[in-house]
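Numbering of the sequence shown is given in the working numbering, commencing with residue 6 and proceeding in unit increments. Beta carbons: idealized from backbone N, C-alpha and C, even for Gly. Since this is a predicted model, take the numbers as computed values, not measurements. Shown next, in structure tokens, is the structure this report addresses.
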Amino acid sequence: MSPVTPTQFQSDTGPFDLIGDFHGCADEAEMLLERLGYTLGMTGPVGARNYALSHPHGRKPVFLGDLVDRGPRSPDILRLVMPATKSGRAYTVMGNHDDKFRRWLDGHNVKVTHGLEETLHQFERESVAFRHEVREFLYDLPTHLLLDRGSLLVAHAGLAEKFHGVNSGAERSFALFGDVAKHRDEHGLPIRLNWACDYSGTPTVVHGHVAEPEVRVENRVWCIDTGCCFGGHLTALRWPEMELVQIPALKAYFQSPRWD
Ligand code: MN
Numbered sequence: 006m007s008p009v010t011p012t013q014f015q016s017d018t019g020p021f022d023l024i025g026d027f028h029g030c031a032d033e034a035e036m037l038l039e040r041l042g043y044t045l046g047m048t049g050p051v052g053a054r055n056y057a058l059s060h061p062h063g064r065k066p067v068f069l070g071d072l073v074d075r076g077p078r079s080p081d082i083l084r085l086v087m088p089a090t091k092s093g094r095a096y097t098v099m100g101n102h103d104d105k106f107r108r109w110l111d112g113h114n115v116k117v118t119h120g121l122e123e124t125l126h127q128f129e130r131e132s133v134a135f136r137h138e139v140r141e142f143l144y145d146l147p148t149h150l151l152l153d154r155g156s157l158l159v160a161h162a163g164l165a166e167k168f169h170g171v172n173s174g175a176e177r178s179f180a181l182f183g184d185v186a187k188h189r190d191e192h193g194l195p196i197r198l199n200w201a202c203d204y205s206g207t208p209t210v211v212h213g214h215v216a217e218p219e220v221r222v223e224n225r226v227w228c229i230d231t232g233c234c235f236g237g238h239l240t241a242l243r244w245p246e247m248e249l250v251q252i253p254a255l256k257a258y259f260q261s262p263r264w265d
């Protein structure tokens, strides 16, 4: 598969269902997608489940990254997302957790923190072939996409206008982590800068990454990560309807000083 460019699917007008940070929360993912009218085509038990995702009216999900870590079923989330994305029935952009897991799969020495330990434990049961497939899939994920003739931009942590359609190291860092200060807070967590308050670009930007109890909207920048893995909600934003559909988390799977 050749690398996806940010503008490659610009002519796709949807309609889309934009969904943020799954973080391995496959129970809630199944419930949300069914609520949105998808046929899941599920086979196999929890933990070894396969899916053939489709929508009777041709809607497409757009997954905003952070597929893995913290939650109980990261391999199932990958078995849901990968075939749908590869077949063109869904789009996926890379999250910082997906990128870190890819580097671990690649043999890099990454810190096993922030919920990566759960993913590694769950992957002990998975085959070498599946790990290889996941690695290849994560390698090919774009960091942002323009959709619906450039009226919609999706990136895991959002993207300032100067990086729209750009492929660079600075663009990648922004799309994965957002606009962050050089120093960290007292918990060692990155300090976020509010780029949305200055946003005046043409596309509506929809992102995840910054988990908060409520969806946040500022200047046509939507953050729809409502912290499912922390016991919040899993949220979908329907495009172009701009309707929110939410499923409450079945439990809090992960504790953190900040929903992050
Ligand atoms: Mn996240």
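- Query: Thinking C-beta only, is F235 closer than 8 angstroms to W200?
  - Reply: Taking the sequence shown and counting its residues from 1, the one referred to as residue 200 is at position 195. Taking the sequence shown and counting its residues from 1, the one referred to as residue 235 is at position 230. Contact: no.
- Residue range of the beta strand (DSSP E) that includes E129: On the sequence shown, position 124 is the one that residue 129 refers to. Segment: none, E129 is in no beta strand (DSSP E) and carries neither H nor E.
- Could you say which of N172, G170, C202 and E191 lies nearest to D184 if we only look at CA atoms? Looking up residue 184 in the sequence shown gives position 179. Checked all of N172, G170, C202 and E191; the closest Cα to D184 is C202.
- Message: Counting C-beta neighbours from all protein chains within 10 Å, is the total for S205 16 or more, i.e. buried, or is it exposed?
- Response: Along the sequence shown, one-based indexing puts residue 205 at 200. It counts as exposed.
- Query: For G100, is the beta carbon positioned less than 7 angstroms from some heavy atom of the ligand SAM?
  - Reply: The ligand SAM is absent from the structure shown, which contains only the ligand MN.
- Query: Would DSSP call R107 helix, strand or coil?
  - Reply: Counting from one through the sequence shown, the residue named residue 107 turns up at place 102. In this structure, R107 counts as helix in the three-state DSSP scheme.
- Message: Tell me which residue opens and which closes the alpha helix (DSSP H) that F182 is part of.
- Response: Position 177 of the sequence shown, counted from the start, is the residue given in the question as residue 182. Start and end: G174 to F182.
- Query: Exposed or buried, what is Q260 when buried is set at 16 or more other beta-carbons lying within 10 Å of its beta-carbon?
  - Reply: If you number the sequence shown from 1, residue 260 lands on position 255. Exposed, by the Cβ-count rule.
- Item | N- and C-terminal bounds of the alpha helix (DSSP H) containing V86 | Position 81 of the sequence shown holds residue 86. It spans S79 to K91 - the alpha helix (DSSP H) in which V86 sits, taken as one unbroken run.
- Query: What's the C-alpha gap between T12 and E219?
  - Reply: Translated into positions along the sequence shown, residue 12 becomes position 7. Translated into positions along the sequence shown, residue 219 becomes position 214. Rounded to whole angstroms, T12 to E219 spans 30 angstroms at the Cα level.
- Query: Given that a residue counts as buried once 16 or more other Cβ atoms are within 10 Å of its Cβ, and exposed if not, what is M99?
  - Reply: Counted from its first residue, the sequence shown places residue 99 at position 94. It is buried - the Cβ of M99 has at least 16 other Cβ atoms within 10 Å.
- Item | Same chain, Cβ closer than 8 angstroms to K65, five either side skipped, listed in chain order | Locating residue 65 in the sequence shown gives position 60, counting from the first residue. Excluding sequence neighbours, K65 sits near D17, G19, P20, F21, D22, R94, A95 and Y96.
- Item | Minimum C-alpha distance to K91 - residue among F68, P50, N101 and H214 | Translated into positions along the sequence shown, residue 91 becomes position 86. Selected option, being the one with the closest Cα: F68.
- Message: Within a Cβ cutoff of 6 angstroms, which residues of the same chain sit near S59, ignoring the five residues on either side of it in sequence?
- Response: Here residue 59 corresponds to residue number 54 of the sequence shown, with the count starting at 1. Result list for S59: T44, in chain order.
- Task: Less than 8 angstroms between the CB atoms is what I'm expecting for L150 and F27, so what's the real figure, rounded?
- Result: Here the question's residue 150 lines up with position 145 in the sequence shown. Here the question's residue 27 lines up with position 22 in the sequence shown. About 17 angstroms separates the two Cβ atoms, so there is no contact after all.
- Item | DSSP-derived helix/strand/coil call for F135 | Against the sequence shown, residue 135 aligns to sequence position 130. Three-state DSSP puts F135 in a helix.
- Using 8 angstroms as the Cβ pair cut-off and three pairs as the minimum, do the region 226–233 and the region 208–216 touch? yes
- Under 5 angstroms, CB to nearest heavy atom of the ligand MN: contacting residues: D26 and D71
- Query: Looking at C-beta atoms only, is the number of pairs between the region 29–43 and the region 74–81 that lie closer than 8 angstroms three or more?
  - Reply: yes
- Item | Closest Cα partner of L143 within the set P80, E248, L41 and D153 | Residue numbering aside, residue 143 sits at position 138 when the sequence shown is read from its first letter. Residue P80 is the option with its Cα nearest to L143.
- Query: Hey, out of E217, L157, E141 and K187, whose CA is closest to W109's CA?
  - Reply: As a first step, residue 109 must be located in the sequence shown, where it is residue number 104. Among E217, L157, E141 and K187, the Cα nearest to that of W109 is on E141.
- What do you reckon, are the CB atoms on L125 and P208 nearer than 8 angstroms? Residue mapping note: residue 125 aligns to position 120 of the sequence shown, counting from 1. Residue mapping note: residue 208 aligns to position 203 of the sequence shown, counting from 1. Going by C-beta atoms, L125 is not nearer than 8 angstroms to P208.
- Same chain only: Cβ atoms within 8 angstroms of H192, ignoring 5 sequence neighbours per side: As a working mapping, residue 192 is identified with position 187 in the sequence shown. So the list reads P262 and R263, once near-sequence residues are dropped.
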